[in-house]
Each structure stands twice: as C-alpha cells, then as structure tokens.
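K.L.:
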Amino acid sequence: MSQLTYQGISIAPELAIGDGASRFWNTVTKYWPTTRHQCCWVHKTANVLDKVLKYVQPRMKETLHDIWMVEIQQEA
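The numbering used here puts the first residue of the sequence shown at -5, with every later residue one more than the last.
Set out below in structure tokens:
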C-alpha cells in the first residue's frame, strides 16, 4: 500500500475488495482507515460451496451468482 501511496494514490478508495487475507486488510486499515472492506464474491462463493454436498453445488452456485448480480440489496 505504501507503494500505491508513493505512486500518487493520495485519496483513500471508498471500497477495497479482497480474499480475506488478514495482512491485506490490516494494511488497508493502516493506510486508508476510512476505506470499507468487502470480501470477493468469488471467494465467498467458493467458501460456501465447500460446505455443501457436491450434488447441491451447481444449483447453489447459480443461486449465489444471481444474488450477487442484483443491483439493489433488497432484491437479493
């Protein structure tokens, strides 16, 4: 992050999206304390699918995809 700041990113991004690695989030918080955190939907989906039976996974993957593609949170 210090490299990004050095290269001219002087305004904190509104949102950072990552895979859940604590080192990444700790660094984001250190350099940009106002930036909101969001876990990547690809990683969220993979984590959920790992917890369900194989035969359920294709339909659940499709449903999760439909949820994260909505424009308005209430529609999810």
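Don't be surprised by glycine CBs; every beta carbon is placed ideally from N, CA and C.
1. Can you tell me whether DSSP reads residue 11 as helix, strand or coil?
2. What does residue 31 pair with, by DSSP beta-bridge criteria?
3. Among residues of its own chain, excluding the 5 on either side of residue 8, which ones have a beta-carbon nearer than 8 Å to its beta-carbon?
4. Is any heavy atom of the ligand ATP found at a distance shorter than 8 Å from the C-beta of residue 9?
P.N.:
The short version:
1. strand
2. 10
3. 29, 30
4. This structure does not include the ligand ATP; it has no bound ligands of any sort.
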